[in-house]
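Have a look at the structure below before the remarks.
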Amino acid sequence: MEVLSVENLKVELEGREVLKGVNFSIEYGEKVFITGPNGAGKTTLLETVMGFIPFTGRIFYRGKPLESERDFEEVRGRIGYVFQNPDDQLFAPTVEEELAFAPLVKGLKREEVKRIVETTLREFEIEHLRGKPTYKLSGGEKRIVSVACVVTMDPEVILLDEPTTGLDRKRWNKLVEFFEETESSLIVVTHDTRLMERLGWKRFVMEDGELRGE
Amino acid sequence: METPLNGEGILSTIDPRVKILSFLLLAWTIALAGSLLQVFAFFPLALALYLTVYRKTVAILKLLLFADFFLLFVVLTQLFLGSPYQGILIFFKSTIIVLFSLLLLTTSPVFELLHALHHLKVPNKLLQLMFFFYRYLFTLNEQLHLAKKSARSRGFVPKTSIQTYRTYGYLLGNLLLKSYFKSERVYRALLSRGFRGYFPVFRHFQIKRRDIVFLLITLIYWGVAVWKFYL
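Here the protein sequences come in this chain order: A and B. Just add 26 to wherever you are in the first sequence, counting from 1, and you've got the numbering used here. Just add 104 to wherever you are in the second sequence, counting from 1, and you've got the numbering used here.
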C-alpha cells in the first residue's frame with residue numbers, strides 16, 4: 027500500500043522549470059535511492075514533498091491529497107526530512123535538546139521523551155555528545171545527529187538528502203545498519219555508489235527535472 | 105563565545121532563576137542609591153561572591169575595564185560639567201552592578217539564562233528571538249571568518265583602496281544574503297520537525313537546598329543593608 031506518492035509534480039523556480047511532471051510513489055517500508063547529476067532537482071523534489079516549495083500537480087500521503095499548509099503541517103511529524111546541510115537542520119542548544127525537540131513538540135510525556143532520547147543516543151552511539159552544543163560538533167557528528175533527531179520523531183517516511191557525506195567508516199556503517207533495520211520507508215538522495223551497491227535498493231535517476239526508474 | 109564565567113565555582117551550580125532574581129533585586133537597590141555609602145554597603149557581598157570565582161580574576165577585570173571605558177565619558181562629563189560627586193557615584197554604582205551581573209549571570213550558560221527567563225514569565229517571542237540571535241551569532245561569525253580566509257587565500261591584503269572597500273562590501277553583502285537564506289532553511293528545519301511557535305525544553309530546573317540557602321543569604325544581606333543604610 028502506498029504511503030507517499032506524487033502525480034505530475036511541477037515546480038518552477040525563478041522562471042526555470044526545475045521539476046517537469048514527476049510521478050513517483052513509495053509503499054510502507056519500501057526503501058529507494060534517488061540519484062542524478064547536481065542541479066537535476068533532487069533536493070527540490072524532497073523540499074516540495076515537505077511542502078516548502080509551491081508546486082502544481084498532486085502529492086498524496088496515505089491516499090490523502092496534501093494541498094494547503096495545514097495539510098502539510100499535519101503530516102510533517104510523520105514524514106522526517108534530513109537536510110543536505112546538517113548545519114541548517116540543527117538549531118537546538120545541545121544534542122540532547124535537539125533529539126528531544128520533535129517528541130516534545132508532539133506532546134509526549136517527559137518520561138517517554140527521555141526514553142526515546144536515551145534509546146536514540148545509544149542506537150547511534152552518540153551518548154558522549156549528549157550535552158555538547160550542536161554548533162561545536164564535527165561535520166560527521168553533525169551529520170549523524172541530524173539523522174538521529176529525525177529518527178526520534180518515529181516517522182513513517184524519512185527523506186534523506188546526501189546522508190553519508192563526510193562520514194567516516196564507523197559512522198557510515200552505523201548509518202547503513204540503521205537503514206537496514208528501520209521499518210520506516212526511506213527515500214535517500216545520494217551520489218554514494220558504495221552505499222547504493224551495498225544496500226541494492228530500487229534506484230531512480232533524476233535528470234533535468236525528470237525522474238525515471240533505472 | 106560562551107559566558108565568561110560559565111562552569112566556574114559554586115555560583116555556576118546555583119539555579120539561574122535564583123541568580124536572576126537576586127541580581128535584579130541587588131541591581132535595582134544599588135541603582136536607587138543616593139550616596140557612596142549606600143553603594144559600598146553591597147561591596148562585601150560582591151567580594152564574597154567574587155572569591156568563589158577568584159581564578160577568573162583576569163577575565164573579570166578585563167570585562168569590568170571594558171564596561172568602565174564607556175562609563176568614563178559619563179563620569180568625565182559629570183566631573184567637568186556637572187557635579188563631581190555625582191560622577192563618582194555613577195561610576196561606582198555602575199561598576200558594582202556590572203560586577204554583580206558578571207558574578208550572577210555569566211556563571212550560567214546563555215541558554216540556561218533564557219530558559220530561566222521563560223520561567224520568570226518573560227514573553228516567549230522575545231526569548232525565541234534572543235535564542236536564535238545568540239544561537240546563530242556563532243554561525244555568522246564562522247561564515248565571516250571563512251569569507252575572510254577565502255579572500256586572503258586569493259591574495260587579498262586590506263589596504264586603503266577602492267578595491268579593499270569593494271571586497272569588504274562583497275563580504276558583507278554575501279554575509280547578509282547567506283544569513284537571509286540560512287534563516288529560511290532553519291525555518292524549514294523547524295517546520296519539518298513540527299514546530300508551531302513553541303520551543304519546548306527537555307532539561308528542567310529543580311530547586312535544590314543550596315539554591316534556597318543562596319537566596320536566603322542574599323535576601324538577609326539585602327534586608328540588613330537596606331535597613332542600615334537606606335532607611
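In this text, a Cβ means the ideal position worked out from N, Cα and C, and glycines have one as well. Please read these numbers as outputs of a predicted model, since none were measured by experiment.
TODO: Could you check which residue in Ser296(B), Ile321(B) and Ile114(B) has the C-alpha nearest to that of Pro129(A)?
DONE: Within the first sequence, the letter at position 103 stands for residue 129(A). Among Ser296(B), Ile321(B) and Ile114(B), the Cα nearest to that of Pro129(A) is on Ser296(B).
TODO: Quick one: list the residues of chain B neighbouring Tyr107(A), beta-carbon separation under 9 Å, in chain order.
DONE: Here residue 107(A) corresponds to residue number 81 of the first sequence, with the count starting at 1. Within chain B, the residues near Tyr107(A) are Arg292, Ala293, Ser296 and Arg297.
Task: Candidates Leu125(B), Tyr158(B) and Lys197(B): closest to Gly138(B) by CA position - done: Numbered from 1 along the second sequence, position 34 holds the residue referred to as residue 138(B). The shortest Cα separation from Gly138(B) among Leu125(B), Tyr158(B) and Lys197(B) belongs to Lys197(B).
- [ ] Check Leu112(B) in the structure and name its three-state DSSP category.
- [x] For this step, residue 112(B) is matched to residue 8 along the second sequence. Checking the sequence shown, residue 112(B) turns out to be Glu, not Leu. Reduced to three states, the DSSP call for Glu112(B) is coil.
- [ ] For the beta strand (DSSP E) holding Leu186(A), just list the boundary residues, first then last.
- [x] Residue numbering aside, residue 186(A) sits at position 160 when the first sequence is read from its first letter. It spans Val183 to Asp187 - the beta strand (DSSP E) in which Leu186(A) sits, taken as one unbroken run.
- [ ] Have a look at Phe336(B) and Phe144(B) and give me their C-alpha separation to the nearest angstrom.
- [x] Because chain B here runs from 105 to 335, residue 336(B) falls outside it and cannot be looked at.
- [ ] Check whether the Cβ atoms of Thr216(A) and Thr120(A) lie closer than 8 Å to each other.
- [x] Your numbering for residue 216(A) matches position 190 in the first sequence. Your numbering for residue 120(A) matches position 94 in the first sequence. No. Outside cutoff.
Task: Within-8 Å CB hit, Lys286(B) to chain A - done: Locating residue 286(B) in the second sequence gives position 182, where the first residue counts as 1. Closer than 8 Å: yes.
Open item on the list: Out of Lys252(B), Ala293(B) and Phe204(B), which one is the CA nearest neighbour of Gly273(B)?
Closed with: Taking the second sequence and counting its residues from 1, one reaches residue 273(B) at position 169. Cα-wise, what sits closest to Gly273(B) is Lys252(B).
Open item on the list: Tell me which residue opens and which closes the beta strand (DSSP E) that Thr61(A) is part of.
Closed with: Counting from 1 along the first sequence, the entry for residue 61(A) is found at position 35. From DSSP, the beta strand (DSSP E) with Thr61(A) extends over Lys57 to Thr61.
Task: Which listed residue (Ile213(A), Glu233(A) and Val101(A)) has its alpha carbon closest to that of Leu225(A) - done: Indexing the first sequence from 1 puts residue 225(A) at position 199. Checking every option, the nearest Cα to that of Leu225(A) belongs to Ile213(A).
TODO: May I ask you to list, following chain order, the residues of the stretch 239-267 of chain B that have a beta carbon less than 9 Å from some beta carbon of chain A?
DONE: Arg239, Tyr240, Phe242, Thr243 and Glu246
Task: Span of the alpha helix (DSSP H) around Val202(A) - done: Position 176 of the first sequence holds residue 202(A). Segment Arg195 to Glu207, the alpha helix (DSSP H) holding Val202(A).
Open item on the list: When you compare the CB positions of Arg84(A) and Val29(A), do they come within less than 8 Å of one another, or not?
Closed with: Translated into the one-based positions of the first sequence, residue 84(A) becomes position 58. Translated into the one-based positions of the first sequence, residue 29(A) becomes position 3. It is not a contact, given that the beta carbons lie outside the stated cut-off.
- [ ] For Tyr107(A), name the three-state secondary structure that DSSP assigns.
- [x] Here residue 107(A) refers to the residue found at position 81 when the first sequence is read from its first residue. Reduced to three states, the DSSP call for Tyr107(A) is strand.
Open item on the list: Alpha carbons only, please: which of Arg197(A), Glu73(A), Val37(A) and Phe59(A) is nearest the one belonging to Val231(A)?
Closed with: Within the first sequence, numbered from 1, the residue matching residue 231(A) stands at position 205. Selected option, being the one with the closest Cα: Phe59(A).
Task: Against chain A: residues of the stretch 299-311 of chain B by CB proximity under 9 Å - done: Phe299, Arg300, Tyr302, Phe303, Pro304, Val305, Phe306, Arg307 and His308
TODO: Classify Lys228(A) as helix, strand or coil using the three-state DSSP reduction.
DONE: Position 202 of the first sequence, counted from the first residue, corresponds to residue 228(A). Three-state DSSP puts Lys228(A) in a strand.
- [ ] Would you kindly work out how many angstroms separate the C-alpha atoms of Glu151(A) and Val202(B), rounded to a whole number?
- [x] Here residue 151(A) corresponds to residue number 125 of the first sequence, with the count starting at 1. Here residue 202(B) corresponds to residue number 98 of the second sequence, with the count starting at 1. Cα to Cα, Glu151(A) sits roughly 43 Å from Val202(B).
Task: Alpha-carbon to alpha-carbon, Tyr291(B) and Ala255(B) - done: Working through the second sequence from its first residue, we reach residue 255(B) at position 151. Working through the second sequence from its first residue, we reach residue 291(B) at position 187. C-alpha separation (whole angstroms): 30 Å.
Task: Reduced DSSP category for Asn34(A) - H, G, I as helix; E, B as strand; rest coil - done: Position 8 of the first sequence, counting from 1, holds the residue named residue 34(A). Of the three classes helix, strand and coil, the one that applies to Asn34(A) here is strand, per DSSP.
- [ ] Indicate the three-state DSSP secondary structure (helix, strand or coil) for Gly327(B) in the structure shown.
- [x] As a first step, residue 327(B) must be located in the second sequence, where it is residue number 223. Gly327(B) falls in the helix class under three-state DSSP.
Task: Leu237(A) versus Phe50(A): straight-line alpha-carbon distance, rounded - done: The residue labelled residue 237(A) in the question sits at position 211 within the first sequence. The residue labelled residue 50(A) in the question sits at position 24 within the first sequence. Leu237(A) and Phe50(A): Cα-Cα distance of roughly 8 Å.
Task: Validate contact between the stretch 277-285 of chain B and the stretch 103-112 of chain A using beta carbons, cut 8 Å, 3 pairs - done: no
Task: Alpha-carbon spacing of Gly47(A) relative to Thr190(A), whole angstroms - done: The count along the first sequence starts at 1 and reaches residue 47(A) at position 21. The count along the first sequence starts at 1 and reaches residue 190(A) at position 164. Computed Cα separation, rounded: 28 Å.
Open item on the list: Would Phe237(B) pass as an interface residue toward chain A - the criterion being a Cβ-Cβ separation below 8 Å?
Closed with: Position 133 of the second sequence holds residue 237(B). Judged by the 8 Å Cβ criterion, Phe237(B) is not in contact with chain A.
Task: Reference Leu335(B), options Glu112(B), Leu141(B) and Ser116(B), closest by Cα - done: Position 231 of the second sequence, counting from 1, holds the residue named residue 335(B). That would be Leu141(B), whose Cα lies nearest to the Cα of Leu335(B).
Open item on the list: Considering just the uninterrupted stretch of the beta strand (DSSP E) at Asn49(A), what are its terminal residues?
Closed with: As a first step, residue 49(A) is located in the first sequence; it is residue number 23 there, counting from the start. Element bounds for Asn49(A): Arg42 to Glu53.
- [ ] Take every Cβ of the stretch 219-227 of chain B, pair it with every Cβ of the stretch 115-135 of chain B, and state whether three or more of those distances are shorter than 8 Å.
- [x] yes
- [ ] Would you please state the rounded distance, in angstroms, between the beta carbons of Lys271(A) and Leu116(A)? I believe it to be under 8 Å.
- [x] A query on residue 271(A) cannot be resolved here, the shown segment of chain A reaching from 27 to 240 and no further.
Task: Test: Ala128(A) CB closer than 8 Å to a CB of chain B - done: Taking the first sequence and counting its residues from 1, the one referred to as residue 128(A) is at position 102. Chain B, which has a Cβ nearer than 8 Å to the Cβ of Ala128(A), makes this yes.
- [ ] My understanding is that Glu182(A) touches Arg104(A), with C-beta atoms under 8 Å, so please give their C-beta distance in whole angstroms.
- [x] Reading the first sequence from its first residue, position 156 is the one you call residue 182(A). Reading the first sequence from its first residue, position 78 is the one you call residue 104(A). Sure, about 5 Å apart at Cβ, within 8 Å.
Task: Complete alpha helix (DSSP H) runs within the stretch 78-105 of chain A (minimum length 4 residues, chain order) - done: 95-102
- [ ] Kindly indicate the opening and closing residues of the alpha helix (DSSP H) around Gly277(B).
- [x] For the purposes of this step, residue 277(B) is identified with residue 173 of the second sequence, where counting begins at 1. Gly277(B) -> alpha helix (DSSP H) spans Ile266 to Ser296.
Task: Residues near Leu186(A) in its chain [Cβ-Cβ closer than 6 Å; skip 5 each side] - done: On the first sequence, position 160 is the one that residue 186(A) refers to. The residues are Val108 and Val214.
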